[in-house]
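Chemist:
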Amino acid sequence: MSDSNGPLLKVEDLKVHFPIKGGLLGGRTTAVVRAVDGVSFEIRRGETFSIVGESGCGKSTTAMAVLRMQPIDGGRIFFDGEDISSLKPARLRAIRRRMQTVFQDPFSSLDPRMKIGDIIAEPLVVHGIGDARTRRARVSDLMALCGLLPDMADRYPHEFSGGQRQRISIARALALEPELVVCDEAVSALDVSIRAQILNLLMDLQRRLGLAYLFISHDLTVVRHISDRVGVMYLGKLVEVADAQQLFAAPQHPYTRALLAAAPTLDVDRRLGEPGLLKGEQPSARNPPPGCRFNSRCPVKVERCSVDEPALKMLPTGGQVACHLAGSAAAWSAARTSDLPGADA
Amino acid sequence: MSPLLEVEDLVVEFRTERGRLRAVDGVSFSVDRGETLAIVGESGSGKSVTALSLLRLVGDAGRIQAARATFEGVELSGLDSAGMRALRGNRIAMIFQEPMSSLNPVMTIGEQVAEPLRLHKGLSRREARAAVGDLLAKVSIPDARERLDEYPHQFSGGMRQRVMIAMAIACQPALIIADEPTTALDVTVQAQILDLLKTLLRETGAAMILITHDLGVVARVADRVAVMYAGRIVESAPTRELLAAPRHPYTRALLASSVGPGAGAKTRLETIEGQPPDLARLAGGCAFAPRCPLVQTICHGAPPPLRSEGVRQWACYVDV
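Residue numbers (this note's numbering), protein chains in the order written: chain A, 124 to 468; chain B, 115 to 434.
#1: Out of curiosity, what's the CA-to-CA distance linking G465 of chain A and H447 of chain A?
#2: I need the DSSP call for F201 of chain A, collapsed to helix, strand or coil.
#3: Can you list the residues of chain B that S311 of chain A reaches, using a CB-CB cut of under 7 angstroms?
#4: Give the residues of chain B in contact with L401 of chain A, contact being defined as C-beta atoms less than 7 angstroms apart.
#5: Is R232 of chain B helix, strand or coil by DSSP?
#6: By the DSSP assignment, the alpha helix (DSSP H) with D309 of chain B in it spans what residues?
#7: State the CB to CB distance for the pair S208 of chain A and R199 of chain A, rounded to an integer number of angstroms; the pair is presumed to be in contact (CB under 8 angstroms).
#8: Looking at the unbroken beta strand (DSSP E) that takes in G207 of chain B, where does it start and where does it end?
#9: Does any residue of chain B bring its CB to less than 8 angstroms from the CB of L322 of chain A?
#10: Whose CA, out of A:S178, A:L137 and A:L132, lies closest to the CA of G272 of chain B?
#11: If you compare alpha carbons, which of B:M278, B:L368 and B:S167 is closest to D123 of chain B?
#12: In three-state terms, what does DSSP make of L193 of chain B?
#13: Assuming P377 of chain A and V423 of chain A are in contact, meaning their beta carbons sit under 8 angstroms apart, how far apart are those beta carbons, in whole angstroms?
#14: Tell me the DSSP secondary structure of R409 of chain A in three-state form.
#15: If you run the structure through DSSP and keep just helix, strand and coil, what is V188 of chain B?
#16: Taking the straight line between their C-alpha atoms, what separation do you get for D174 of chain B and A196 of chain B?
#17: With distance defined between alpha-carbon atoms, name the residue in B:S216, B:I323 and B:P404 nearest to P266 of chain B.
#18: Quick check on DSSP: helix, strand or coil for H327 of chain B?
#19: Pull the bridge partners of Q329 of chain A from the DSSP assignment, please.
#20: Can you have a look at A158 of chain A and say buried or exposed, based on whether 16 or more other CB atoms are within 10 angstroms of its CB?
#21: Tell me whether L168 of chain B sits in a helix, a strand or coil according to DSSP, three-state version.
#22: In its own chain, which residues sit with a C-beta less than 8 angstroms from the C-beta of P235 of chain A, not counting the 5 before and 5 after it?
#23: Give me the residue from A:F202, A:K144 and A:H140 with the minimum Cα distance to V134 of chain A.
#24: Tell me which residue opens and which closes the alpha helix (DSSP H) that L357 of chain B is part of.
#25: Kindly say whether D161 of chain B, judged by its beta-carbon, lies nearer than 8 angstroms to any beta-carbon of chain A.
#26: Verify the CB distance criterion: does S270 of chain B have a CB-CB separation below 8 angstroms to chain A?
#27: Count the other C-beta atoms from every protein chain shown that fall within 10 angstroms of the C-beta of M322 of chain B, then say buried if there are 16 or more, exposed otherwise.
#28: Pull up the distance between the alpha-carbon of E264 of chain B and that of L289 of chain B, whole angstroms please.
#29: Mapping DSSP to helix, strand and coil, what is S350 of chain B?
#30: Alpha carbon to alpha carbon, what distance is there between V220 of chain B and A282 of chain B?
#31: Under 8 angstroms between the Cβ atoms of R405 of chain B and E384 of chain B?
#32: Would you call the segment 148 to 157 of chain A and the segment 303 to 310 of chain A in contact, with 3 or more CB pairs under 8 angstroms?
#33: Any C-beta of chain B sitting closer than 8 angstroms to the C-beta of D314 of chain A?
#34: Skipping 5 residues on each side, what residues in its chain have a beta carbon closer than 6 angstroms to that of F143 of chain B?
#35: With a threshold of 8 angstroms between beta-carbons, can M326 of chain A be considered close to chain B, or not?
#36: How many angstroms separate the CA atom of L151 of chain B from the CA atom of R338 of chain B?
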């Protein structure tokens, strides 16, 4: 079943739907939010795959579904070749050892009443690994690995700053020697100077331990920095998947272009009334527009876009994009003269 | 002409369980009419307290003192609470980070935006309602006049921030204090709101103090920047000069660790080693010294005074 040449994680047509309850006593399902609606991607061993998108696009729900912390409504998830989408709890427990998580808020994800040595050792205790002495030694190693002084093990979370708490969360995530770490907005709550430290730590750990990351973020600059490959998500769908270099150098989907155009830069000359700012906001996933979900905000839409939903298709460059106009030279050059985001870049 | 706002040697202290804590330690700055000054810093640098203390919005545990704090020629410390209330939301307006928690959930949008107009301009209910329709249209809320009777929860995050901006400009203030106004918004919406703010400032001639941690936001809207660290301004300069050639080692490090568009993929970022300072346990000398790559013996003595060169100022002993 295990195939060391195959992808570590493979997600096929993943769907997560949330029912909206209404009616008398709220017992009736009146609508369905398709938070994740047919998402497919792969993560290879030792690589960082990022999912980037705005709030409500379904990126975190996708991560939770991959971890099997969120029931799924369709599709399949393979971890190291094994279909884990319908595993029994006992077997799932064994798989979970190999996928761990780092969350956004290090203030709410650490138990304030536990010493940090015990927090880091907890996964070992839960999985019955080692005895008190070997666990203590392992905690020291993990703390050193994550840039914490091992003699801090007897302190409590409130004694640490945000950056140090995130180091504690990372040490805990690594206790079981996982192969995949899901980082859900793991550096979003941190100050700039501390964020850089944690990003460096994540990249160091990846090199030393061969970790794969599923990195969930709304922040393009961070994603650009840490990723090997990137998927851009909009209203429950991946609209573009490509190598990080390629995605940032030559974005293919109009939404990717708009995201890049809107991202703050340190360039003072690119400041005002620039072309490419999207109008409006992401519509509710409860009621997505027909056809391409981006068509209500797309600066280059054509008639077909509000009827047919484009599928992700392979580009000659190796990337994938879901846009009717992708690869159509005429459409793009027409768009280039209009206010297409980043067209003049 | 004298500046719109002039602040000299502002000190704000808080009483805490761990003793007196100096959040703002001798800050001086001025804002000209129509100018946007960004105050930049990380959490705990004192950037919000600096701006909010001017309006006495820092709570009872805070003690505010300044050699001088004049707005439109009036000394702010001389105002009684009625005088301060007459200023707030009128000549000086505020925009906060989280529009959901700054809007009243049980009041309609129309009533809320009308409030400053009724309070400060004495408009009747009907006059205010008409004015609010115009204001909401001005901040590009679609179908503005049909939405006056809706409640905040019926608006999206970006639309709520537009409502906050409409309230802020209602009385044509001379100064807007915007505290992380786009931090809670998605990146495409953030860009829209920044552009809206900039356009409105140009149209109304209002000045703005923009409090932010994000140098990208600064690059987009600010004319001038003051960088704060541990309660002090460590550098101030026009935006272009500061971003092009920062003088203070902290500003340089902050710029280097901001992941810019030029940063290559999967390369190590420059970082500022160590942790932000604990304000309750500051040693003498430069607060940045323990993390500074250029630190020298003199840095541990007294805090470095501000040096000036033309329009630039920075507080550092070391020539960089």
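Where a beta carbon is used, it is the ideal one built from N, C-alpha and C, also for glycine.
Modeler: Checking against the coordinates, here is how it stands:
#1: Since pLDDT at G465 of chain A reaches only 39, below the 50 mark, its modelled position is unreliable, and no value is offered.
#2: Of the three classes helix, strand and coil, the one that applies to F201 of chain A here is strand, per DSSP.
#3: Taking a Cβ-Cβ threshold of 7 angstroms, none of the residues of chain B is close to S311 of chain A; the smallest such distance is about 11 angstroms.
#4: Counting only Cβ-Cβ distances below 7 angstroms, L401 of chain A has contacts in chain B at T302, in chain order.
#5: In this structure, R232 of chain B counts as helix in the three-state DSSP scheme.
#6: Counting along the chain, the unbroken alpha helix (DSSP H) around D309 of chain B starts and ends at V301 to T318.
#7: Contact holds; Cβ gap of about 5 angstroms.
#8: Residue identity differs from the one stated: residue 207 of chain B is Ala in this sequence, not Gly. Unbroken beta strand (DSSP E) run through A207 of chain B: I206 to I209.
#9: So, interface residue.
#10: Among A:S178, A:L137 and A:L132, the Cα nearest to that of G272 of chain B belongs to A:S178.
#11: Minimum Cα distance to D123 of chain B is reached at B:S167.
#12: Coil at L193 of chain B, not helix or strand.
#13: Contact between P377 of chain A and V423 of chain A holds, with the beta-carbon distance rounding to 5 angstroms and staying under 8 angstroms.
#14: In the displayed model, R409 of chain A falls within coil according to three-state DSSP, outside both helix and strand.
#15: Assigned with DSSP and collapsed to three states, V188 of chain B falls in strand.
#16: Rounded to the nearest angstrom, the two C-alpha atoms are 17 angstroms apart.
#17: Checking every option, the nearest Cα to that of P266 of chain B belongs to B:S216.
#18: In this structure, H327 of chain B counts as coil in the three-state DSSP scheme.
#19: Answer is none; Q329 of chain A lacks a bridge partner.
#20: By the 10 Å Cβ count, A158 of chain A comes out buried.
#21: Looking at L168 of chain B - three-state DSSP - the assignment turns out to be helix.
#22: Residues Y279, P280 and H281 of the same chain have their beta carbon placed closer than 8 angstroms to that of P235 of chain A, with the five preceding and five following residues left out of the count.
#23: Comparing Cα positions, the closest option is A:F202.
#24: That run of the alpha helix (DSSP H) goes T353 to A358.
#25: It is Lys, not Asp, that sits at residue 161 of chain B in the sequence shown. Under the 8 angstroms criterion on CB atoms, K161 of chain B is classed as non-interfacial with respect to chain A.
#26: It does: the Cβ of S270 of chain B has a partner Cβ on chain A nearer than 8 angstroms.
#27: Counting every other CB atom within 10 Å of its CB across the protein chains shown gives M322 of chain B a total of 16 or more, marking it as buried.
#28: For E264 of chain B and L289 of chain B, the distance between alpha carbons rounds to 29 angstroms.
#29: Looking at S350 of chain B - three-state DSSP - the assignment turns out to be strand.
#30: Taking the CA atoms as reference points, A282 of chain B sits about 20 angstroms from V220 of chain B.
#31: The criterion of a C-beta distance shorter than 8 angstroms is not satisfied by R405 of chain B and E384 of chain B.
#32: Output reads no: the segment 303 to 310 of chain A does not touch the segment 148 to 157 of chain A.
#33: Chain B places a beta carbon closer than 8 angstroms to that of D314 of chain A, counting this residue as a contact.
#34: Closer than 6 angstroms at the Cβ level, and outside the excluded window around F143 of chain B, lie V121 and A340.
#35: It does; some Cβ of chain B falls within 8 angstroms.
#36: When rounded, the distance between both Cα atoms is 5 angstroms.
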